[in-house]
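Reading through the structure tokens given below for one structure.
In the UniProt record's numbering, the protein residues as written are 1 to 318.
What follows is the structure in structure tokens.
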């Protein structure tokens, strides 16, 4: 697949790579795109994008009259890549503290997600992405750690979208993020996002299974939203601002789904092998503040519930 021309009000190749503040040479622009097997164009970025600017663009695009409602009919035919990403040890230590992991040089299984998240965010804020970022719901996440990754290793990240499909409440899409070391894939994350649309039926309204007995209870304070945003780079206002949460239908801020997953993995830290896959389905949001109950389940399952037994998260390690 060759280079495609886009309307002037779309992200240009220049903006896609570096944003509007840096002028790239014609040689750099020409070399940035090359066809990938499977029909995706590969775009090599010189550095990891800035997540804050991407969120601002998405918020502005959601305002009436600014064109944020126009979306591509299918998946973007592009794969974004950034090489040579090093681990910030101070950030790693802060992340460990916020999520409850031990302070070690081994990366938690969820940490490469936050390292590469700005790259995935760049993909999701491009006009060719089929679902607007604002209002997108993170409904599931699967991480495969092929081997332990240490803080002295340098990672290369790639991201792309796949498997756009209907859902009884809208449409779902998978955003794949891959971390490699010296050409070897060492980590893979697949985040499933739901774009809600009005459809007849309203989804499954069947009864809820009985909540499992909790093995521990955690108090989740409001600072979790702002502290996780700081260490992860995910500054979505529904997690950090009461006003921002109310704009999207929440009475108060909610915890990041990936914080909830990381906190559960921290509780399982002594049980995890060197190589594993951990998959979670995000259910009801965790309001800030709140008290949640963590439960270990048979066959390597785990769950997070609120004080009334309603599910926040269901997970499985294999």
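Just so you know, even glycine gets a beta-carbon here, dropped at the ideal spot from N, CA and C.
Is DSSP giving residue 203 helix, strand or coil here? Confidence is the limiting factor: at residue 203 the pLDDT is only 48, short of 50, which leaves the residue's position unreliable and the question unanswerable from this model.
Every unbroken beta strand (DSSP E) inside the UniProt domain "MaoC-like" (226-295) [3 residues or more]: 276-282
Under a three-way DSSP split, which group does residue 91 fall into? helix
Check whether the segment 114-129 and the segment 231-251 are in contact - that is, three or more C-beta pairs closer than 8 Å. yes
What residue from 167, 299 and 105 has the CA that sits closest to residue 352's CA? With the chain covering only 1 through 318, there is no way to say anything about residue 352.
Residue 122, enclosing alpha helix (DSSP H) - first and last residue: 111-124
Can you name, in chain order, every residue of its own chain whose Cβ lies under 7 Å from the Cβ of residue 47, other than the five neighbours on each side? 82
Starting from the Cα of residue 310, find the closest Cα among 292, 171 and 79 and give me that residue. 292
List the DSSP bridge partners of residue 79. 42
Taking the straight line between their C-alpha atoms, what separation do you get for residue 177 and residue 260? 19 Å
Would you mind sorting residue 122 into buried or exposed? The rule is 16 or more other CB atoms within 10 Å of its CB. buried
Could you give the distance in angstroms between the alpha-carbon of residue 11 and the alpha-carbon of residue 224? Since pLDDT at residue 11 reaches only 30, below the 50 mark, its modelled position is unreliable, and no value is offered.
Residue span of the beta strand (DSSP E) that contains residue 184, given as start and end: 184-196
If you follow the beta strand (DSSP E) that residue 136 is in, where does it begin and where does it stop? Run containing residue 136: none; DSSP gives neither H nor E here.
I need the straight-line Cα distance from residue 49 to residue 186, nearest angstrom please. 22 Å
Just to check my reading of the structure: residue 262 and residue 108 have Cβ atoms closer than 8 Å, yes? What is that Cβ distance to the nearest angstrom? 7 Å
According to DSSP, residues forming a beta bridge with residue 156: 180
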